[in-house]
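Beneath this line is the structure, given in structure tokens, with notes to follow.
Residue numbers (this note's numbering): 11 to 258.
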């Protein structure tokens with residue numbers, strides 16, 4: 011079996027509206043090696059459901075682009091959200107030794123606040139299925155001083171833990187871990203991902219509010235959906251439903 015390449019081409023910008031959008035102009039480069047579009051700051055970055063993400067200087071803002079020959083089915087696509095979140099979590103924990111958690115489907119959590127977010131897009135080409143993995147992590151930037159509701163839910167590693175993050179070192183570890191976890195999905199090692207994800211998800215085995223009703227989260231199932239239940243019913247939620255969940 012051919013060895014997976016871990017080479018990475020990096021294109022660095024001082025400021026862009028969104029690395030996810032910029033990456034679309036450089037897809038051809040990802041056919042030969044993995045690609046990273048990284049910026050010191052983003053002026054119009056977006057998250058899932060087009061939500062705004064504040065990306066000032068000091069944080070880690072970038073989009074990895076992977077070219078995959080394999081077709082990615084719907085179930086694998088759901089598990090890519092989980093596996094990439096696990097890869098980001100492991101990368102941060104590996105270089106900083108801090109207890110990072112996840113909130114379904116792919117928010118990165120530290121001390122019950124949002125440390126980072128992930129946005130995944132796919133683009134099909136004749137010879138390649140491009141996987142765009144946009145990541146934002148509050149490493150050395152400030153969030154507490156922001157005049158915005160974001161400061162009540164966000165956390166920065168440097169600001170809260172007084173740890174100076176080596177963003178370059180983090181880049182290398184992110185690439186390594188994300189690549190490894192993507193390979194697990196494409197090899198259909200989904201039960202392994204499921205078990206690991208449920209062990210780090212702050213929602214799992216806790217109570218939530220969903221559509222004004224209280225449920226207990228049982229965790230993600232083999233089909234990639236999130237199982238929640240109460241005395242009246244059991245539901246299986248798709249990733250798109252995550253915006254409707256509130257941790258009780």
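Where a beta carbon is used, it is the ideal one built from N, C-alpha and C, also for glycine.
Item to complete: Buried or exposed for residue 115, please, with buried defined as at least 16 other CB atoms from any protein chain shown within 10 angstroms of its CB.
Response: To locate residue 115, count along the chain shown from 1; it is residue 105. Buried, by the Cβ-count rule.
Worksheet item: Looking at C-alpha atoms only, which residue of 120, 106, 147 and 80 is the closest neighbour of residue 134?
Response: Taking the chain shown and counting its residues from 1, the one referred to as residue 134 is at position 124. Residue 134 has its Cα closest to that of 80, out of 120, 106, 147 and 80.
Item to complete: Measure the CB-CB distance between residue 108 and residue 95 and report whether it falls below 9 Å.
Response: For the purposes of this step, residue 108 is identified with residue 98 of the chain shown, where counting begins at 1. For the purposes of this step, residue 95 is identified with residue 85 of the chain shown, where counting begins at 1. No, these two residues do not count as a Cβ contact at 9 Å.
Worksheet entry | Residues that DSSP places opposite residue 44 in a beta bridge | Residue mapping note: residue 44 aligns to position 34 of the chain shown, counting from 1. For residue 44, which the question treats as bridged, DSSP gives the partners 18.
Fill in: Residues sharing a beta bridge with residue 143, DSSP
Here the question's residue 143 lines up with position 133 in the chain shown. In the DSSP output, where bridge partners are listed per residue, residue 143 has 74 and 130.
Discussion item. Considering only DSSP beta bridges, list what residue 120 is partnered with.
Written reply: Taking the first residue of the chain shown as position 1, residue 120 is located at position 110. Answer is 123, bridged to residue 120.
Item to complete: Using the Cα positions of residue 174 and residue 241, report the straight-line distance between them to the nearest angstrom.
Response: Counting from one through the chain shown, the residue named residue 174 turns up at place 164. Counting from one through the chain shown, the residue named residue 241 turns up at place 231. When rounded, the distance between both Cα atoms is 47 Å.
Item to complete: Could you tell me which of 47, 102, 163 and 27 sits nearest to residue 19, measuring between CA atoms?
Response: By 1-based counting over the chain shown, the position of residue 19 is 9. Here the closest residue by C-alpha is 47.
Worksheet item: Are there 16 or more other CB atoms within 10 angstroms of the CB of residue 28, so buried, or fewer, so exposed?
Response: On the chain shown, position 18 is the one that residue 28 refers to. Under this definition residue 28 is a buried residue.
Discussion item. Just to confirm the assignment, what range does the alpha helix (DSSP H) spanning residue 210 have?
Written reply: Walking along the chain shown from the start, residue 210 turns up at place 200. 200-210 is the extent of the alpha helix (DSSP H) around residue 210.
Worksheet item: Between 220, 146, 254 and 209, which lies nearest to residue 180 when the distance is taken from Cα to Cα?
Response: By 1-based counting over the chain shown, the position of residue 180 is 170. Taking only the C-alpha atoms, the option nearest residue 180 is 146.
Worksheet item: By the 10 Å Cβ neighbour count, where 16 or more other Cβ atoms means buried, how is residue 24 classified, buried or exposed?
Response: Position 14 of the chain shown, counted from the first residue, corresponds to residue 24. By the 10 Å Cβ count, residue 24 comes out exposed.
Discussion item. Suppose the cutoff is 6 Å on Cβ atoms and the five residues either side in sequence are ignored; what does the same chain contact list for residue 284 look like?
Written reply: The first residue shown for the chain is 11 and the last is 258, placing residue 284 beyond what the model contains.
Fill in: Other residues of its chain near residue 251: CB distance less than 8 Å, five sequence neighbours each side excluded
Indexing the chain shown from 1 puts residue 251 at position 241. Contacts found: 220 and 236.
Discussion item. Measuring only the C-alpha atoms, how far is residue 169 from residue 52?
Written reply: Reading the chain shown from its first residue, position 159 is the one you call residue 169. Reading the chain shown from its first residue, position 42 is the one you call residue 52. The straight-line gap from Cα to Cα measures roughly 19 Å.
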